[in-house]
Amino acid sequence: MNDFSTASKVSERRLQLEKRSQFLQRLRAFFYQRQVLEVDTPMLSQGATPDVHLRSLSSWLQVPGERERQEYFWHTSPEYPMKRLLCEGSGDIFYLGKVFRDGDLSPRHQIEFTMLEWYRVGFSLQELIDEVMELLNQLLPELREVQQLSYRQAFAEFAGVEDIFHASAEQCRACLQRHKVPEIVGVDENDKTLWEQLILTEVIEPQLGQGVITVLKDFPARDAALALIDPQNPEVAERFEVFVDAMELANGYHELADAGLYRQRFEESLAQRAQLGLPQVPLDQKLLQTLTEKPLPDCCGVALGVDRLLMLQQGERQIEAVIPFGVRQA
């Protein structure tokens, strides 16, 4: 009985590893067929992302030739070195590998996880969205229907707020009350951005990607991150997110190219970190220097959570079911 049970567990473990291996092969094949070049990027950097929503892990290294130990940061995304490669003429590229984000641990999060990120030179944002849909249709063939809607449409359809761009904080709080979202105590009742974000995460996102692939696009300009602002509509950023089963799978931009705007947005993020009492981090000066010397070509890029996509493909509810070891087992 024990021998049978042990053999059965070994067989299940082997099957899990085979499924993951085949899945990664299919991802790579998708890009090889399109002549998109796979690249490696450093996992450690002297600069970190200043994004207030991300927490970087760091290590202290004794670098030969340096008197003092140096702090290096584990990348939360391969974005910065990939953009340096694009500036240097790499052309279309993709990365498939590990990234690290401190503080994320849940059925849908791991501190160490696998990301697929790719950049297409000369693509419009819609062309990149179409390519993401092609990839998802290959790996999630049961989901053929794609729902594309703007940020403004999502608030109207799923939360009953007709014009979120011009709605008041009071209207946002009333929406949260209608949907019985617990009130947050001790925050500014006029902080419209906060209430709007709560509607998005607590009311809208749980309804996205239900039996379809939902593409949410045309985010407010304040949420542009490193995306371009739509020249035809300065209220809107050229950015999209993809949802399946109420879970965010991908986040893409028509990429910002202006080196001065990169520095400006990074410094704005550092100021936000200071206001929120978050630790300051060093900016990626090598990226900023490269952008100044060799401008980024017009391109669109997207990052996709590989483990989450494999979860969906395999019908699993826990990310640990599709990875060899979770952080607690490492």
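Residue numbers (numbering that gives the first Met the number 0): 0 to 329. Positions of the beta carbon are idealized from the N, C-alpha and C atoms, including for glycine.
Candidates the options, of which the one nearest residue i by Cα
| i | options | result |
| --- | --- | --- |
| D283 | E204, C299, E266 and G276 | E266 |
| L287 | Y79, S55, V51 and W73 | Y79 |
| L134 | F22, A329 and Q328 | F22 |
| L142 | L104, I163 and G208 | G208 |
| E195 | L139, E111, A155 and L127 | A155 |
| S89 | I183, D101 and E37 | E37 |
| Q206 | A158, E182, M81 and Q328 | A158 |
| L199 | R27, N232, R151 and D229 | R151 |
| V301 | W73, V62, A28 and E126 | E126 |
| L139 | K97, E254, L26 and T291 | L26 |
| N232 | R68, V160 and F164 | F164 |
| V62 | L43, A47 and K285 | L43 |
Residues near residue i by beta carbon distance below 6 Å, same chain, minus five either side
| i | result |
| --- | --- |
| V211 | E144 and Q146 |
| P77 | T40, Y94 and E116 |
| V305 | T113 and L115 |
| S58 | Y71 |
Reduced DSSP category for residue i - H, G, I as helix; E, B as strand; rest coil
| i | result |
| --- | --- |
| R327 | coil |
| M337 | No information on residue 337 is available, as it lies outside the stretch 0 to 329 that the chain covers here. |
| E188 | coil |
| M132 | helix |
| I318 | helix |
| Q61 | coil |
| F99 | strand |
| L282 | coil |
| K18 | helix |
| L175 | helix |
| S10 | helix |
Nonlocal neighbours in the same chain, by C-beta distance under 8 Å from residue i, ignoring five residues either side
| i | result |
| --- | --- |
| E87 | T289 and K293 |
| R272 | P49, V51, P278, Q279 and V280 |
| L85 | I92, Y118, V120, L295, P296 and C298 |
| E201 | L175, H178 and V180 |
| L16 | P323 |
| D222 | A236 and R238 |
Cβ neighbours of residue i in the same chain (closer than 7 Å, five flanking residues each side left out)
| i | result |
| --- | --- |
| R19 | L309 and V321 |
| R316 | P106 |
| L104 | I110 and V326 |
| F239 | L124, I128, V214, L215, K216 and G251 |
| L53 | T75 and R100 |
Beta bridge counterpart(s) of residue i as assigned by DSSP
| i | result |
| --- | --- |
| P219 | V235 |
| Y94 | E116 |
| T213 | Q146 and F242 |
| L36 | I92 |
| G304 | M114 |
| C330 | Residue 330 lies beyond the residue range present for the chain, which begins at 0 and ends at 329; the question has no answer from this structure. |
| S252 | A small correction: the amino acid at residue 252 is Tyr; Ser does not occupy that position in the sequence shown. Bridge partners of Y252: R238 and G300. |
| Q69 | L60 |
| H108 | S105 |
Beta carbon proximity, residue i to chain D, threshold 7 Å
| i | result |
| --- | --- |
| L248 | Note that chain D does not occur in the displayed structure, where there is just one protein chain. |
Using 8 Å as the cut-off, can you tell me whether the stretch 243-256 makes contact with the stretch 157-175, which would need three or more C-beta pairs spanning the two stretches below that distance? no
Counting pairs of Cβ atoms below 8 Å between the stretch 147-156 and the stretch 214-224, do you hit three or more? yes
Give a yes or no on contact between the stretch 253-260 and the stretch 181-191, applying the rule of three or more CB pairs nearer than 8 Å. no
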